[in-house]
Amino acid sequence: MDHILYYKKVCEKLTDFLDKKPLATRIWIPAGPKLLKRGSKNGIIYAKDVVELTNKKFLDARKEFLHLKDARSLLTKKQESLWNYFVPRKNMDLFYSTNGEGYEKPLDRIFIDIDRHNLPAEKAQIVANELIKIIDSDSNFPINYKKFFMWTGSSFHIYLLLKDKVEHEFYEDYLSYNNKHPLKSFTGKWAALIKSKTKIDVFAGHEKFPNKINLDPSQSVSGKLARAPYSLHMKDALTVDGIAVPLKQDQLQDKHLLKDLKKLNPENIFDSEYFKKV
12 MDHILYYKKV CEKLTDFLDK KPLATRIWIP AGPKLLKRGS KNGIIYAKDV
62 VELTNKKFLD ARKEFLHLKD ARSLLTKKQE SLWNYFVPRK NMDLFYSTNG
112 EGYEKPLDRI FIDIDRHNLP AEKAQIVANE LIKIIDSDSN FPINYKKFFM
162 WTGSSFHIYL LLKDKVEHEF YEDYLSYNNK HPLKSFTGKW AALIKSKTKI
212 DVFAGHEKFP NKINLDPSQS VSGKLARAPY SLHMKDALTV DGIAVPLKQD
262 QLQDKHLLKD LKKLNPENIF DSEYFKKV
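Every number in this note's numbering is 11 more than the matching position in the sequence shown, counting from 1.
Shown next as structure tokens:
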């Protein structure tokens, strides 16, 4: 499969969710390094560009040529950038700049990665379900938001889509975890509450620990990347082992959810109940 065809269909569903959000791709090279393409280094590409620029002329060039240097005369400058992001005959993940490229820009969304490390996904599902209930019940959390939930292909992301943007300092003051003062941040408090209720070892912050689950909001800040809905999740350069899909809150309580999610693959996702406009 030429993944540009897959991701064109995906981006058709994401033009609202990823409006004005620069895309990024991680390209897997067999027996080589992974390549990251992103707006701060490779020119900005949006979801709408993937939809509009992946036309017959572009696809015909992909069929005829493997390398961009050979096809360049047939493409526009923007299509050259698109080719560079979506290299033919390679597997790739799709990401986006969570709150734009650059540093310390305002945030219009926050997401918390339920980073499960070596623990089973079933425990991450329990943590995700408890986390959103705790956030909703926290009367001290000072912002208004709309909730969005996603299976990443391996674990879960909990999004707070903000009704009004907040400055970067909000992240530093309320969400960034401090080991010396673990209950100072909301994420630290929420992790402690989940641990107390579920008996699962849950911690806040980016630092990884074996046999523990992290609540990690660090990819929320500008200049950081988030996995896009419907991104392929790669086990290695040759193996797709999952697909990121949006979820409803009540699905987090479904004991059969993971069994269903693990059946998804690039061949059946478009006909599944999970594939819809985001």
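Ideal placement from N, C-alpha and C gives every residue a C-beta, glycine not left out. These figures come from a predicted structure and were not determined experimentally.
On the criterion of 16 or more Cβ atoms from any shown chain inside 10 Å, does residue i qualify as buried, or is it exposed?
i, result
"D247", "exposed"
"P153", "exposed"
"E183", "exposed"
"E180", "exposed"
"N279", "exposed"
"Y352", "The displayed coordinates of the chain run from 12 to 289. Any statement about residue 352 would go beyond what the structure contains."
"L263", "buried"
"R100", "exposed"
For residue i, tell me which candidate among the options has the shortest Cα-Cα distance.
i, options, result
"S166", "S187, K116, H128, L93", "H128"
"N102", "I40, K158, N151", "I40"
"L64", "L46, F76, E23", "E23"
"D149", "L173, T198, Y114, H267", "T198"
"G111", "K31, Q264, P193", "K31"
"H267", "V61, D124, Q136", "Q136"
"G234", "L118, I211, S92", "L118"
"K158", "Q260, S51, L275", "Q260"
"L70", "N151, A202, E91, K59", "E91"
"F5", "I55, K176, L172", "Outside the shown range of the chain (12 to 289) lies residue 5, about which nothing can therefore be said."
"P49", "Y188, W94, D126", "Residue identity differs from the one stated: residue 49 is Arg in this sequence, not Pro. Nearest of Y188, W94, D126 to R49, Cα basis: W94."
"V138", "H168, N66, Y156", "H168"
"A58", "H192, I211, R120, L16", "L16"
Skipping 5 residues on each side, what residues in its chain have a beta carbon closer than 6 Å to that of residue i?
i, result
"S207", "none"
"Y285", "V256"
"T87", "none"
"T250", "none"
Using a Cβ-Cβ cut-off of 7 Å (strictly less than) and excluding sequence neighbours within five positions of residue i, which residues of its own chain qualify?
i, result
"L204", "I145"
"L47", "A35, R37"
"F281", "K20"
"S283", "L275"
For a test of the three-state rule: what should DSSP assign to residue i, helix, strand or coil?
i, result
"A35", "strand"
"T163", "coil"
"L70", "helix"
"L130", "coil"
"K116", "coil"
"R100", "coil"
"V61", "helix"
Pop quiz: residue i and residue j are said to be a contact at Cβ under 8 Å. What is the actual Cβ separation, rounded to whole angstroms?
i, j, result
"A237", "F97", "Wrong, their Cβ atoms sit about 18 Å apart, outside the cutoff."
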